[in-house]
Amino acid sequence: MSTSENISATRARLQRRRVLLRTLKLWIPHLRYLLFAIGVGWLFILPSNEYNKYTYISENALLPGQVNTYYSWPQVHEASVYRDNIETLSTSSIERTAYIESELRKAGIKTGTQNFTVNALGKEISGVNVFGVLSAPRGDGTEALVLSAPWISKDGKTVNINGVAAILSIGKFFQSTDIIILITDGGEAGVQAWLEAYHDNPRSDILSSPLFLRSGAIQAAVNLDLPGTKDYQVLGIFYEGVNGQLPNLDLINTIVRIVRISGRIPITLHDTGHVYWANDHGDYYSSLYNLILTMKYQALGHSTGGHGLFFRYKIDAVTLYGHRMEASHQPFMFLEIGTAIESTFRSLNNLLEHLHQSFFFYLLPSPEKYISIGSYLPPSILLAHPQSSKEPKILQKFPTPSPFNRRPRRILFSLTALIATHATGIIFFFMIKNYFLLNKLASFLFIQDHFLVLALIIFISIKVSFVLVSIMEKRITTNNQIAHRIEKTNDMNSQYQPQQQLEPAADWIILKCFTLAFTGMIISCLSVLNFSLAVFTALIVIIPFSLFRPHVSKTIRYLQLFVLCLISPPGLLLLSGVDMGNFLRSTLMEYQLLGNYIVPFVCCLYWPNVLAYTVIVQAPIK
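For the sequence shown, our numbering gives the first residue as 15, with consecutive numbering after it.
Below, the structure is given as C-alpha cells:
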C-alpha cells in the first residue's frame, strides 16, 4: 500500500471516529430521560407475581410446624381468667406491676421490675417494666428468646389486655432455651430503657434501675399486640424497624408457615390491605399497596412496633397484631394464638446459631413472596444516574474554544455557595433539634411552637439566598468591567496576541453541576442503606433539578421557586396534610430516643440542595 493510500485510510478512520464522538456527545446526555423512564417503570414491575419469588426457609434447623404443641383448652381458660382480672385493674402502674409479677411467680418464673424515666424534648416519660426469666432446666443460660407485650397497644390508647393475658398463659411451658417474658410500659420508651439496661449501655437521657435478673444473649424476639378483649379476624405482621432495618427473612417465613399450619389464621402485612389465606398471594394492586406502605415506613425511618428497637443489638424481632375487620372471617382467639406462639418458640429453640442464612435486605409484596436486594436495587441506581449525566450536558452549552484560547471555570464561588447552603442546613438541624427550647419562647410570645420554627427557617433561607444572589450579581458586574477594560486595551494595542482568555462559565452553571453531582452521589449511597428513602428522594427531585435554570421571564422564575418551595420539607409536610407540630415532636422523639436519622438527613443533605437551587433559579442572566 502506497503512502498516499495510508494517509487516505488514516484520514477516513479519523473522520469516522470524529463522527462517532460527535454523535455520542450529542445523544448520551439525552439518555437520562430514557434511564429515568426505565427506572420508574422498573419500580412498577416489582409488585408483579412474575418478578417476585416464593419465600423459603434457609435455616434448616428451624423446622417450622414440625413439633408437638401442648397449648390447649386449659390454658385458654387460664388466659380468659387473666383477661378478666387485667380488665378490672386500674391504670396505676404499681397495681398492674404487682399483679403481673405475682402471677409470674405463681408459675415458678423468676421475676423483676425496672423503673425508668426517659427525658426527651424537655418532657419526662416514666413507667415500670415487668419481666421474668423462664430458665430452661437443661440449658446453660447462654442464649435466650424474648416474648414481649406492650401494656398500651400501638394505637396509643387501647390496653393490650389479650396480649398480656396470652403471654401469662403461654409462659408456663419449659423450653430448651431461656425465655424472657417482658411486659413494657410507656410505649417504645419502655422497650428502649429495658434494652439499654440489659446490654449495659447507659445513656444520659434514660434513668432506669439496674437489672439484677438476666439471661444469655438474645437470639430473637416476638412482640404480641392484641388490644382489647374481643376476638380477632386477621393477624397483622409488622416487621419494619428504625431507619428501615429489617429482621432476617427466616423469622417472618417461620411465623407465616406456622400460622398457616397450626392455627389457619388469615394474615396480612401490617393492619390494612389484602387478607391472605393459604396459597393466596394476592393480586398486583395488593402487592403494590404493601410495597408502598412498607417503603413509607422505611423512608420515614419509623419503627412499626416495639420490635424495631431490638435490631440495633442484632436481635431479629417482629410484632404480631390482632386486627378486627368487618368482613366475615372466622374469628380466632387464645387457642390459635397460643398454639402459633408456642410452635414458633419451639422452632426458634432449634437454632444452633444466630439467624443469618436468609436475607436482611428485601421487600415483601405478600407474606409468601419476596424481592431480594439484587432485584430491587437497579431502579434506584437508574434514578440516580440522570443527576450525574446532566452535568456534562450543562458544560456543553458553550462553544468549544478555538486553538490558543481557553475558558476558565472558576469554582471557588460555587463551592462556597454549596458549603453555605449546607451550613444553613446544619443550622436548621440544630434549631429543630432544640425544638423544646423554642417551645418555651413560642409560649412566651403566645404563638404556636412550630410556627416559630417555620418563621425562623423561612427568614434564614431568604436571607442566605438573597446574599448569594447579590454576590453573583456583583461578580457579573465586576467581570463586565474587567472585560470592557481588556477590550479597550486591545483596541489601543493592535499587536497580535496568540492566546486569548474567553469569558468564564457562569457561576450558576458550575453550582448546578456540583449540586447535581452531589445529589446523584447521595441517592446512590443511600440506595444501599435505605432503598425506600433513596427512591422517594429521587422521584421528588429528579425532574425539578434537571429542568430548572435561570430564565428571563419572571413568571417562569416564580413558578420554579414555587415548585422548589413545594418540594422543600415544609412544603412536603403541607402537601401530606399531617399536623406539622405533632410530626415534628414524634420525629424528634424518635431521633433522640431511637436514633432515627431522617431529621439529620433532611436538614443536612436534602434541604441544602433545594436551597442551592433557589439560588440557581434566581441567578442573574447576563
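Every residue gets a Cβ at the ideal spot worked out from N, C-alpha and C, and that includes glycine.
Of the listed residues the options, nearest to residue i (C-alpha basis)
i, options, result
"G170", "G141, I193 and G201", "G201"
"L377", "L260, I251 and N133", "L260"
"W87", "I181, L314 and T353", "T353"
"V273", "L334, H321 and I385", "L334"
"L619", "G315, L598, I536 and V577", "I536"
"P564", "L432, G126, V81 and I523", "I523"
"S104", "W165, S72, L49 and G146", "W165"
"A179", "R424, M594 and E92", "E92"
"L76", "V613, E367 and R571", "E367"
"I52", "I281, I251 and H399", "H399"
"N364", "S222, A158 and R46", "A158"
"T286", "A150, M603 and T308", "T308"
"E64", "L225, R25, G296 and L470", "G296"
"K137", "L602, R152, G534 and H284", "L602"
"T569", "G230, Y96, Q632 and V481", "Q632"
"L396", "T430, G534, N293 and A235", "G534"
"N8", "V555, Y384 and P583", "Nothing about residue 8 can be reported from this structure: the residues present for the chain run from 15 to 636 only."
"R424", "M486, L161 and S22", "M486"
"K328", "L607, I232, Y605 and C527", "I232"
Where residue i falls: helix, strand or coil (DSSP)
i, result
"N623", "helix"
"G153", "coil"
"K328", "coil"
"Y605", "helix"
"Y611", "coil"
"D521", "helix"
"L573", "helix"
"F58", "helix"
"Q514", "Its pLDDT being 49, under 50, Q514 is placed unreliably by the model, and the measurement read from it follows with that caveat. Strand at Q514."
"Y390", "helix"
"Y70", "coil"
"N237", "strand"
"F373", "coil"
"S508", "Residue placement at S508 is poorly supported in this model, since its pLDDT is 49, which falls under 50; the coordinates still yield a value, given next. The answer is coil: DSSP assigns S508 none of H, G, I, E or B."
"Y384", "strand"
"T318", "coil"
"I635", "coil"
"I232", "strand"
"F418", "The pLDDT assigned to F418 is 47, lower than 50, so where the model puts this residue is not dependable, and the model offers no usable value."
"G585", "helix"
"P379", "strand"
"P558", "helix"
CB-CB length for residue i against residue j, believed under 8 Å
i, j, result
"E101", "T243", "6 Å"
"A548", "S394", "5 Å"
"I195", "G204", "Their Cβ separation, rounded to whole angstroms, is 14 Å, which puts I195 and G204 out of contact at 8 Å."
"P381", "Y290", "5 Å"
"H436", "P622", "4 Å"
"I139", "V132", "4 Å"
"Y113", "N99", "7 Å"
"Y212", "L221", "Not really, about 16 Å apart at Cβ, beyond 8 Å."
"V613", "I581", "Between I581 and V613 the Cβ distance is about 18 Å, and since that is not below 8 Å, they are no contact."
Residues that DSSP places opposite residue i in a beta bridge
i, result
"F130", "G141 and S222"
"D192", "A158"
"P164", "T198"
"S290", "Note on residue identity: the sequence assigns Tyr, not Ser, to residue 290. Beta-bridge pairing links Y290 to I281."
"T125", "G146"
"R217", "I220"
"Y246", "F346"
"L135", "Partner(s): none; L135 has no beta bridge."
"Y335", "D239 and G250"
"V173", "I166"
Exposure label - residue i; buried when at least 16 CB within 10 Å
i, result
"G55", "exposed"
"Q11", "Past the edges of the chain, shown from 15 to 636, lies residue 11, and the structure says nothing about it."
"M347", "buried"
"F239", "According to the sequence shown, residue 239 is Asp rather than Phe. It counts as buried."
"W208", "buried"
"Q216", "The sequence shown places Pro at residue 216, not Gln. It counts as exposed."
"C617", "buried"
"N610", "buried"
"L38", "exposed"
"V542", "exposed"
"Q344", "exposed"
"H321", "buried"
"Q29", "exposed"
Residue-level contact to chain C via CB, residue i, 7 Å cutoff
i, result
"T569", "Structure shown: chain C not included; a single protein chain is present."
Proximity test, residue i beta-carbon vs the ligand NAP heavy atom, cut-off 6 Å
i, result
"F226", "This structure lacks the ligand NAP, and indeed carries no ligand of any kind."
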